[in-house]
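Down below is the structure, laid out as structure tokens.
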Amino acid sequence: MQPKPDENFDPIERIKQPSSRHCFGCGIDNPHGLGLTFYAVGPDRVECDTVLGDRFQGYPGVVHGGIVATMLDEIVGRVLLIGDSTRRFMTAKLVVRYRRPVPTNQPLKVIAWLTRDKGRYATAHSEIRLSDGTLAAESEGTMAEVPGEHMTEEQLEAIGWRVYPD
Numbered sequence: 002m003q004p005k006p007d008e009n010f011d012p013i014e015r016i017k018q019p020s021s022r023h024c025f026g027c028g029i030d031n032p033h034g035l036g037l038t039f040y041a042v043g044p045d046r047v048e049c050d051t052v053l054g055d056r057f058q059g060y061p062g063v064v065h066g067g068i069v070a071t072m073l074d075e076i077v078g079r080v081l082l083i084g085d086s087t088r089r090f091m092t093a094k095l096v097v098r099y100r101r102p103v104p105t106n107q108p109l110k111v112i113a114w115l116t117r118d119k120g121r122y123a124t125a126h127s128e129i130r131l132s133d134g135t136l137a138a139e140s141e142g143t144m145a146e147v148p149g150e151h152m153t154e155e156q157l158e159a160i161g162w163r164v165y166p167d
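Read in the working numbering, the sequence shown has 3 at position 2, and its numbers run on one by one without any break.
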């Protein structure tokens, strides 16, 4: 399944998404986290470029499968932030397919695009591709909206939810 290009979107434009301080996926102050940075690259597509070191391996030279699933999960939720960074979702279901070993210490591209948005529930497809474009892992994620009273603006501010400079 390949994302559909949007003719009205400039493919060079990359809009950085917010991060928090301590999130395992994107936290800028989490020394044990993945340190992922996400960019909207279309009206329904998000990308992240990363290199994961040996501390994230399962077998020598191979990223642990749980870390692979974490990256796919994190980016699925990111698609829903495009256009409204205060919208909150949690994972309701994530189906992961591991296609190839994901190597440590090599460039990876993590991408996701929206496949359906029904308001309270949304689905997206995510992939991890190797530097040569080979599909290493993919997922279909269903996300459920978290009511506003469970994540207020004050709580977002407290966790440091904002766009941080590069």
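A virtual CB, placed ideally from N, CA and C, is assigned to each residue, including glycine.
Check, Outcome
"C-beta contact flag for residue 1 and residue 101 at 8 Å", "This structure gives no information on residue 1, because the portion of the chain shown stretches from 2 to 167."
"Among 85, 48, 31, 143, nearest to residue 93 - alpha-carbon criterion", "143"
"Selected residue, minimal CA-CA separation from residue 35, among 155, 57, 165", "57"
"CB contact flag (residue 26, residue 37, <8 Å)", "yes"
"Simplified DSSP assignment, three categories, for residue 72", "helix"
"Residue 62 burial status per 10 Å Cβ neighbour count (16 or more: buried)", "exposed"
"Residue 118 in three-state terms, based on DSSP", "strand"
"Residue burial classification, residue 151 (beta-carbon count within 10 angstroms, cutoff 16)", "exposed"
"Cβ pair residue 46, residue 112 closer than 8 Å", "yes"
"6 Å Cβ shell around residue 17 - same chain, five flanking residues per side excluded", "40, 164"
"Rounded C-alpha distance that separates residue 159 from residue 28", "13 Å"
"Pick from 146, 60, 74 that is closest to residue 128, judged by C-alpha positions", "74"
"Three-state class that DSSP yields for residue 156 in the structure shown", "helix"
"Residue 31 to residue 83 span [Cα, whole Å]", "24 Å"
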